Amino acid sequence: MERRDWSLKALSELVYIDSLESYDKAQALVRWNNDYLTSNDITDFDLPLQDLEKLSELFFKNINFLKEYKKQTQDELKNTQKLKEFAKNK
Numbered sequence: 001m002e003r004r005d006w007s008l009k010a011l012s013e014l015v016y017i018d019s020l021e022s023y024d025k026a027q028a029l030v031r032w033n034n035d036y037l038t039s040n041d042i043t044d045f046d047l048p049l050q051d052l053e054k055l056s057e058l059f060f061k062n063i064n065f066l067k068e069y070k071k072q073t074q075d076e077l078k079n080t081q082k083l084k085e086f087a088k089n090k
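In case it helps, full-length UniProt numbering puts the sequence shown at residues 1 to 90.
Next up, the structure:
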């Protein structure tokens, strides 16, 4: 029962995280990963099939979100560095 409660809590937190804005979402996903996947495996979740499918869908959706967020952050950093260099040369 404890593992099931842990699994349901993880799922509900992931559903909530999915509703957040970009920056908050990225930070919350890192915390979620640290809380639920650092010392456990994805196979440790004890959920009915429907909930497992939902968890899986959100998990992969958020992996894609983090990839895009990383790309956007890198682009913003490059633009900031270009502006810094431009201002330095003026």
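Virtual Cβ for every residue (Gly too), placed ideally from N, Cα, C. Given the structure is predicted, the values throughout are model-derived calculations rather than measurements.
- Query: aspartate 41: which of Ser7, Leu29, Gln74 sits nearest, CA to CA?
  - Reply: The residue among Ser7, Leu29, Gln74 with its C-alpha nearest the C-alpha of aspartate 41 is Ser7.
- Item | Cβ contact (3+ pairs, closer than 8 Å) linking the stretch 5–21 and the stretch 38–56 | Judged by pairs of C-beta atoms under 8 Å, the stretch 5–21 touches the stretch 38–56, as three or more such pairs exist.
- arginine 3 vs aspartate 46 beta-carbon contact at 8 Å: It is a contact, given that the beta carbons lie within the stated cut-off.
- Task: Give the straight-line distance between the Cα atoms of lysine 70 and leucine 77, rounded to the nearest whole angstrom.
- Result: Whole-angstrom Cα-Cα distance: 10 Å.
- Task: Let me know if tyrosine 23 comes out buried or exposed under the rule of 16 or more other beta-carbons within 10 Å of its beta-carbon.
- Result: By the beta-carbon neighbour count (other beta carbons within 10 angstroms, threshold 16), tyrosine 23 is exposed.
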